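Below: one structure, written as structure tokens.
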Amino acid sequence: MYRLVYKSRSAGVIDWDTVEAIMHSSEANNDHNEISGTLLASRTHFLQIIEGKYEDVNDTFMRICHDKRHTRIQLIAFHPVDARLFDGWNMKGIGVFDFNQDIEQTMIEKYGTEEQGVKFPLEEWMVLAMVQDISLYLNIPEWKQ
Ligand SMILES: Cc1cc2nc3c(=O)[nH]c(=O)nc-3n(C[C@H](O)[C@H](O)[C@H](O)COP(=O)(O)O)c2cc1C
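Numbering-wise (full-length UniProt numbering), the sequence shown opens with residue 1 and increments by one.
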């Protein structure tokens with residue numbers, strides 16, 4: 001089992017339509033390849049965790065890299081893991097831009113800000129901390145703590 005984490009800059013301003021369109025183009029592939037993970041979206045950036053077998057994670061990432069909907073793709077981590085963090089779905093899309101102001105402010109205080117939104121980190125441990133914070137804010141029961 002492998003985990004890959006990357007951050008990218010969106011080509012346009014991100015809203016729920018953007019996230020849903022990406023989820024739509026991913027769903028069948030992720031299902032077929034047994035890929036799980038999460039896609040966090042601010043108004044300007046994506047932060048994605050992809051889990052699965054080496055070849056499947058690699059192939060998925062290669063496809064994603066060629067997608068014109070984002071640029072400046074920064075690989076944060078790609079390594080073997082003992083188990084999936086995200087077992088419940090294939091890919092959970094989370095609109096960080098849609099969080100209430102209190103939660104957004106708390107996240108900005110902890111993780112900093114970029115382009116008026118929450119800054120997505122470039123260190124894996126911090127990405128995992130952010131994911132854990134979000135699972136608590138949103139009360140996502142399937143998320144393993
Ligand atoms: C930010 C972002 C995240 C994406 N995540 C996935 C993903 O998890 N799985 C996937 O198959 N495609 C994902 N895509 C879409 C791929 O880039 C590509 O459009 C899709 O895999 C093409 O599938 P198809 O060749 O079967 O039509 C993502 C695209 C973007 C911009």
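For glycine and all other residues, C-beta sits at the position ideal for the given N, C-alpha and C. Being a predicted model, the structure only gives us computed values, none of them experimental.
Bridge partners for residue i per DSSP, in chain order?
i, result
"Phe78", "Leu4"
"Phe46", "Ser8 and Ala41"
"His70", "Ser10"
"Val57", "According to DSSP, which records beta bridges pairwise, Val57 is partnered with nothing at all."
"Val118", "Thr113"
"Gly93", "Leu39"
Which word fits residue i, buried or exposed, when buried means at least 16 other C-beta atoms lie within 10 angstroms of its C-beta?
i, result
"Pro80", "exposed"
"Met62", "exposed"
"Gln48", "buried"
"Asn100", "exposed"
"Arg3", "buried"
"Arg72", "exposed"
"Val19", "buried"
"Asn30", "buried"
Tell me which residues share the same chain as residue i and place their Cβ nearer than 6 angstroms to its Cβ, disregarding the 5 neighbours each side in the sequence.
i, result
"Arg69", "Ala11"
"Lys36", "It should be noted that the sequence gives Ser, not Lys, for residue 36. So the list reads Glu51, Arg84, Phe86 and Asn90, once near-sequence residues are dropped."
"Glu115", "Thr44"
Under 8 angstroms Cβ to Cβ from residue i, same chain only, skipping five residues before and after it: list those, please.
i, result
"Glu27", "Asn90 and Met91"
"Met23", "Leu39, Met91 and Gly93"
Does any heavy atom of ligand 2 sit closer than 7 angstroms to the C-beta of residue i?
i, result
"Asp59", "Ligands present in the displayed structure are limited to ligand 1, and ligand 2 is not among them."
Can you list, in chain order, the residues of its chain with a C-beta nearer than 7 angstroms to that of residue i? Leave out the 5 residues immediately preceding and following it.
i, result
"Ile103", "Tyr137"
"Met130", "Tyr111 and Pro121"
"Lys119", "Tyr111, Gly112 and Thr113"
Contact check, residue i vs residue j under 8 angstroms by CB: the rounded distance?
i, j, result
"Gly93", "Leu39", "5 angstroms"
"Phe46", "Lys110", "Phe46 to Lys110, Cβ: 19 angstroms. No contact."
"Val96", "Ser42", "5 angstroms"
"Ile14", "Thr44", "7 angstroms"
"Glu124", "Ala77", "4 angstroms"
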